[in-house]
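The listed protein sequences correspond, in order, to chains A, B and C.
Read in order, the letters of the first sequence are residues 45 to 328 in this note's numbering.
Read in order, the letters of the second sequence are residues 5 to 359 in this note's numbering.
Read in order, the letters of the third sequence are residues 209 to 510 in this note's numbering.
Presented below is the structure to which this report refers.
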Amino acid sequence: MILSPAERSYLYDSLSQKPPIRPGARSDHQFRPLEAKTSFLPNSNGSARIRLNDGSECMISVKSKVVVTKSVTNLIDVDIDVAGFRDDSNFVSNLKYNLTSLLITNFPSQYLKLTSKYSFKLFIDCIVISHSSYPLSLISLATYLALKTTRLPLLVSEVNDEEIEEQPTFSDDWDNAKYLDEAFEPPIFITLGVIGTNLLFDPSIEEEQVLENGLIVSFYKDNVITPISNINLATNSNNSNFKGLNQKLIIESINLCNKYCPAIIKALNTLTEQDDEGDDDHIF
Amino acid sequence: MTTELKQVSFPPEVLARIVPDVSLQRHLSIGLRPNLRNFLEFKPIEIASNENNLTTSNNNIFGSSIIKSGNTTVINTITLGIVENNANEKVEDDVYVSIYPVVDIQRGRSGAPSDEEMILSQNLFETILHSKLIPKKSLNIESYGLATNEDGDIKIFYPNNNETSSSSNEYEDFESQRKRYSFVLFSHIKVFSKVSTIFDLCHVSILEALKNVKLPRVYMTDFSTTKIVMKSRNSNTRGLVGINKNNINIDLNQDLYYDLELNGDGGVSSNFGAITTTNRSENEDEEPQQQTVELLADLEGEAEEATILSRVSIIVDKSERIKRISLINGDNNSEIGLDLLQKAIDVAKLRAKNV
Amino acid sequence: MDRRRLLGPLNTIIPNIGISSNPNDIKPDTTIDNDEVSANQIQNFFLKTGIIENANGSAYLEVGNSIIEVSVFGPRPIRGSFVDRASFSVECKFLPYITQPGEQIYNTTNQFNNGNSNTNANGRTGLTTIEQRISAYVETALLPSIILEKYPKSTFDIFITIISTEEGVNNNDEDDDNSAPNEQLLRLTNWIVNCSSVALVDASVELKDIVTSGIVKTTSDGKVIFDPRSQGNEEEEQEEGSVIGVASFMNLRNDELVGIWIERQGAINVGDTEMNNILDGCNEMSKKIRANINTYLANSLE
């Protein structure tokens with residue numbers, strides 16, 4: 045939806061208030077409400093689907109494959125498909141770069157190690173069925189849920205194959221499959237909008253059009269980590285408010301994320317636990 | 005009431021854009037071309053020394069050249085591919101192959117190659133092929149090595165310089181079932197700041213790059229297991245873990261690199277255009293004016309490109325043999341006849357000898 | 209099959225770049241003696257503008273072994289409906305023979321090679337993921353500096369060509385840790401931004417300020433290294449906890465931060481002081497580069 049000049053001006057003024065007045069009466073650190081469902085794809089090791097109330101929807105499937113550790117360069121492969129965008133477009137490529145970079149540098153690869161020779165390789169496939177605002181944090185939250193609920197088949201053969209040539213053999217009983225790690229909380233991305241001296245979590249499509257800049261911050265194990273970068277969240281360069289920012293805001297954004305992101309992680313964890321207990325088979 | 009129509013005068017560079025043909029004629033009438041060269045003067049070409057950084061700092065480049073002419077820069081890099089030979093095919097002495105060029109002109113547009121780039125690539129391919137420059141034999145891979153992996157220590161053995169006798173048996177087995185391969189040459193030609201036809205420049209750049217091509221030895225790796233069967237207990241289903249890595253490798257040992265043998269020098273490409281000029285005599289009253297068809301060498305710039313439609317391109321080698329002539333008489337008023345063609349060939353021969 | 213490019217016979221195999229059979233062949237030692245390079249010294253760079261005749265503006269930059277060429281095309285008219293501001297796009301491309309930093313990680317599923325590195329690079333069509341990432345950074349960093357309102361119904365396109373990189377060498381060492389390509393990528397991006405800004409000036413585009421950037425690495429023991437350089441193959445035991453960041457500024461507009469990209473190896477939190485060190489360091493370096501560029505531009509006016 046493209047705003048008229050009057051609407052833009054109104055929205056800009058209200059968002060630059062201290063504290064900002066956001067559409068939908070959200071506070072500056074509040075995410076939009078989301079619905080999610082996990083482990084619903086029977087053929088995937090892990091899956092998740094997230095829907096926002098504006099109709100944005102994203103689905104993730106995590107599949108695994110046994111590889112000879114030495115023959116691959118990385119144990120995680122990410123592919124993103126966004127409806128309406130070409131796979132080689134700048135938009136999709138950058139989503140993919142960011143997510144790959146986040147997972148490759150921060151994913152504890154010891155969880156995937158089977159024996160001294162073999163490892164699991166994870167293939168994370170994301171489909172963004174529909175989106176209005178920049179979908180990176182949506183994808184990343186869905187990836188969190190999918191990885192959190194990913195179960196890998198139990199290895200029943202010997203772990204030590206350094207002396208005896210041993211091929212990994214797995215248990216057929218799916219009930220024996222193990223989670224990556226009970227305590228594992230995958231890294232996530234948070235998008236922040238910058239307007240005046242305000243920082244807005246999870247900006248909506250309308251807000252993106254009047255923002256002065258955008259930040260992407262990653263968060264893992266109760267702390268802000270890298271990559272950290274800035275981005276023009278509006279999809280075309282036609283946002284006339286876009287400008288540089290004060291470097292103090294970067295520090296502030298880190299502090300805000302350190303303060304509020306644990307709550308997001310907690311909410312996502314609660315969601316997976318409830319999903320485990322729930323016996324309804326409806327996706328939504 | 006009369007309005008006086010003021011005469012408008014334009015500075016030369018503006019005139020050249022509005023009426024390129026008039027501007028060109030004005031220049032020619034005083035015996036000069038818009039680029040200030042003489043009619044049969046070629047634009048100088050600078051060839052960066054063979055020791056440019058590209059080959060030494062990129063392991064995948066086996067020949068390269070950097071050519072400059074005015075502001076136009078052509079960067080040519082040659083990479084290698086390998087193709088399996090037909091088992092029964094015997095390579096004759098007089099079979100020649102070409103190089104596969106891809107021309108990329110910086111022009112501020114992205115997307116698929118333009119017609120110009122495609123035509124240029126095809127032209128270069130055919131020119132090199134028919135000038136019989138690269139004998140197929142010289143790209144043949146006579147023998148290749150075998151890499152063995154002993155405790156992570158990779159050693160490469162070649163049939164003619166086996167150092168250890170223990171591995172020779174292994175090598176013979178390998179030798180008996182070998183396939184025949186030969187190299188394929190690829191060339192990537194990046195053109196910056198294109199201001200005129202660049203066939204000649206690209207041609208020079210390919211020849212220069214080919215001259216310093218050094219071919220490496222290749223070796224096979226067969227220790228990488230290609231398929232591993234995964235079993236699941238109490239189940240008949242089997243999964244395969246495939247490792248699809250091609251096993252032909254290039255040995256980076258510079259001591260084993262050898263020169264690519266070329267047949268002849270490939271020649272020098274020169275282009276000419278013909279245009280009718282009106283010689284204005286010193287005395288303004290003297291009529292009639294004399295019209296002659298002039299030959300211009302090495303066309304350059306907007307005015308010449310747009311106005312001169314009769315063109316000829318000639319490739320002559322050092323021994324004065326004509327390798328290729330392409331002639332288009334696009335302008336009925338200024339055709340390249342036999343006399344002009346002869347003149348062009350003479351100039352091209354002279355240039356080929358002296359370059 | 210590609211009918212637009214000559215890519216050789218269909219059954220062509222692109223061989224792997226293997227190892228050398230010569231035991232004496234070791235990679236040239238590019239290690240820089242850190243004692244010789246003082247912590248605040250910026251690499252010498254060579255800059256030249258206006259070398260591309262058919263572009264509106266251009267700049268050429270050599271630093272170390274990296275060669276960057278930037279052409280600016282615009283303002284060019286656009287077709288279609290009226291827009292009150294110019295649009296702006298950036299396209300960064302490596303010449304096909306160059307091994308892109310981190311391509312084994314990021315360029316795996318590009319449609320043109322299907323994860324298979326053994327295809328003819330000359331047949332590459334679109335941009336790779338890495339090229340797109342650099343393009344996006346440069347676009348984000350330069351966008352605030354251009355006065356787009358002055359050019360209604362037009363477009364500016366920046367085309368960046370990477371002719372050479374510091375480590376053109378194909379890296380087949382699979383145990384290589386994953387942070388080194390990031391570091392190399394950031395170093396390259398830093399110079400691309402600087403070069404592109406100068407190209408915009410050369411194209412006489414109306415700018416609010418010249419964007420310059422800096423790159424800084426901090427180590428776990430709190431050391432701040434300006435303009436970190438390739439450590440060659442003697443990579444100092446990839447210090448866990450070193451952070452590398454590029455930041456771009458408009459120095460005359462109150463040091464407005466226009467671009468930031470920070471990477472680090474391992475999941476370790478980023479602290480306030482560390483962040484301040486990086487941003488301040490980048491700012492300082494960007495000012496030094498700015499001073500150099502100013503001198504160059506002033507001299508070229510004479």
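Even glycine gets a Cβ: it sits at the ideal position worked out from N, Cα and C.
Can you list, in chain order, the residues of its chain whose CB lies under 8 Å from that of residue i, leaving out five sequence neighbours each side?
{"i": "B/Leu143", "result": "Val101, Ser186, Phe187, Val188, Leu189, Leu219, Leu264"}
{"i": "B/Ser169", "result": "Note that B/Ser169 scores 45 on pLDDT, short of 50, meaning its location in the model is unreliable and no value can be drawn from it."}
{"i": "A/Leu243", "result": "Asp72, Leu236, Gly237, Leu259, Leu293, Glu296, Ser297, Leu300"}
{"i": "A/Ile65", "result": "Ser58, Leu59"}
{"i": "C/Asp384", "result": "Caution is warranted here: a pLDDT of 42 is assigned to C/Asp384, below 50, making its placement in the model unreliable, and the coordinate value is therefore given only provisionally. Cβ neighbours of C/Asp384 beyond the five flanking positions: none."}
{"i": "C/Arg461", "result": "Lys416, Asp417"}
Got a sec? Which residues, its chain only, sit under 7 Å from residue i by beta carbon, not counting five neighbours each side?
{"i": "A/Gln318", "result": "none"}
{"i": "A/Ile12", "result": "In the structure as shown, chain A starts at 45 and stops at 328, and residue 12 of chain A therefore has no counterpart that could be examined."}
{"i": "C/Leu215", "result": "Asn328, Asn330, Gly331"}
{"i": "C/Lys361", "result": "Pro285, Ile286, Phe290, Val291"}
Would you verify that the beta carbon of residue i is, or is not, closer than 8 Å to some beta carbon of chain A?
{"i": "C/Ser494", "result": "no"}
{"i": "C/Thr220", "result": "no"}
{"i": "C/Ile227", "result": "no"}
{"i": "C/Pro231", "result": "no"}
{"i": "C/Gln340", "result": "yes"}
Is there a Cβ from chain B that is less than 8 Å from the Cβ of residue i?
{"i": "C/Asn252", "result": "no"}
{"i": "C/Pro283", "result": "no"}
{"i": "C/Gly216", "result": "yes"}
{"i": "C/Asn328", "result": "yes"}
So residue i contacts chain C; which residues on that side make the cut at Cβ distance below 8 Å?
{"i": "A/Pro86", "result": "Those do not exist, as A/Pro86 stays about 24 Å from chain C at its closest Cβ, beyond 8 Å."}
{"i": "A/Ile298", "result": "Val478, Asp480, Met483"}
Do you know whose CA, among the options, lies nearest residue i's CA?
{"i": "C/Ile338", "options": "A/Ile173, A/Lys140, A/Asp205, A/Gln154", "result": "A/Lys140"}
{"i": "B/Pro24", "options": "B/Leu344, B/Glu309, B/Val316", "result": "B/Glu309"}
{"i": "C/Thr427", "options": "C/Ser353, C/Pro436, C/Cys300", "result": "C/Pro436"}
{"i": "B/Gln258", "options": "B/Ser13, B/Asn62, B/Arg37, B/Gly35", "result": "B/Asn62"}
{"i": "C/Ser154", "options": "C/Val424, C/Ile371, C/Asn390, C/Asn459", "result": "With chain C covering only 209 through 510, there is no way to say anything about residue 154 of chain C."}
{"i": "C/Leu350", "options": "C/Phe457, C/Gly288, C/Lys301", "result": "C/Phe457"}
{"i": "A/Val110", "options": "A/Ile104, A/Cys102, A/Leu119, A/Ala307", "result": "A/Leu119"}
{"i": "B/Val222", "options": "B/Arg113, B/Asn92, B/Ile202, B/Pro163", "result": "B/Pro163"}
{"i": "C/Leu303", "options": "C/Tyr345, C/Leu335, C/Leu487, C/Ala407", "result": "C/Leu335"}
{"i": "B/Asn75", "options": "B/Val195, B/Phe129, B/Lys357, B/Lys10", "result": "B/Val195"}
{"i": "B/Glu327", "options": "B/Leu303, B/Gly305, B/Ala356, B/Asn337", "result": "For clarity, residue 327 of chain B is Lys in the given sequence; the question names Glu instead. Comparing Cα positions, the closest option is B/Ala356."}
{"i": "C/Leu394", "options": "C/Val346, C/Glu277, C/Val413", "result": "C/Val346"}
{"i": "B/Val297", "options": "B/Lys140, B/Glu306, B/Leu313", "result": "B/Leu313"}
With a threshold of 8 Å between beta carbons, is residue i in contact with chain C?
{"i": "A/Phe286", "result": "yes"}
{"i": "B/Asn63", "result": "yes"}
{"i": "B/Ile79", "result": "yes"}
{"i": "A/Tyr41", "result": "Since the first residue shown for chain A is 45 and the last is 328, residue 41 of chain A is missing from the structure and cannot be characterised."}
{"i": "B/Thr83", "result": "yes"}
By the criterion of Cβ-Cβ separation under 9 Å, what are the contact partners of residue i in chain C?
{"i": "B/Gly112", "result": "Asn262, Ala263, Asn264, Ser279, Val280, Phe281, Gly282, Arg284, Asp365, Phe367"}
Spatial neighbours of residue i within its chain, please: CB distance less than 6 Å, with the 5 preceding and 5 following residues excluded, ordered by chain position.
{"i": "C/Ser297", "result": "Asp365"}
{"i": "A/Leu78", "result": "Ile94, Leu96"}
{"i": "A/Ile272", "result": "Val261"}
{"i": "A/Asp216", "result": "none"}
{"i": "C/Glu374", "result": "Gly272, Asn273, Ser274, Ser438"}
{"i": "A/Trp218", "result": "none"}
Report the neighbours of residue i on chain B: residues whose CB is nearer than 9 Å to its CB, in chain order.
{"i": "C/Leu393", "result": "Per Cβ cutoff of 9 Å: no residues; C/Leu393 is ~18 Å from chain B at best."}
{"i": "C/Ser372", "result": "Asn57, Leu58, Ser61, Asn62"}
{"i": "C/Asn402", "result": "Simply none; closest approach about 20 Å."}
Taking residue i as the query, report the chain A residues whose CB atoms sit under 9 Å from its CB, ordered along the chain.
{"i": "C/Gly467", "result": "Ser273, Asn274, Gly288"}
Who are the neighbours of residue i on chain B, taking C-beta pairs under 8 Å?
{"i": "C/Leu303", "result": "Ile79, Thr81, His192, Lys194"}
{"i": "C/Ile306", "result": "Asn62"}
Going along chain A, which residues have a C-beta under 7 Å from residue i?
{"i": "C/Pro352", "result": "Phe286, Lys287, Gly288"}
Please compile the residues from chain C whose C-beta is within a distance smaller than 7 Å of the C-beta of residue i.
{"i": "A/Thr144", "result": "Ile313, Tyr314"}
Meets three-Cβ-pair contact criterion under 8 Å: the segment 144 to 153 of chain B and the segment 41 to 48 of chain B: Inter-segment contact for the segment 144 to 153 of chain B and the segment 41 to 48 of chain B is absent: fewer than three beta-carbon pairs are separated by less than 8 Å.
At least 3 beta-carbon pairs within less than 8 Å: the segment 201 to 216 of chain A vs the segment 146 to 166 of chain A: Three or more Cβ pairs drawn from the segment 201 to 216 of chain A and the segment 146 to 166 of chain A lie within less than 8 Å of each other, which places the two stretches in contact.
The segment 265 to 273 of chain B / the segment 304 to 319 of chain B touching (three or more Cβ pairs under 8 Å): Yes: at least three Cβ pairs fall under 8 Å.
Three-pair Cβ contact test at 8 Å for the segment 29 to 38 of chain B versus the segment 219 to 233 of chain A: Of all C-beta pairs linking the segment 29 to 38 of chain B to the segment 219 to 233 of chain A, fewer than three are shorter than 8 Å, placing the two stretches out of contact.
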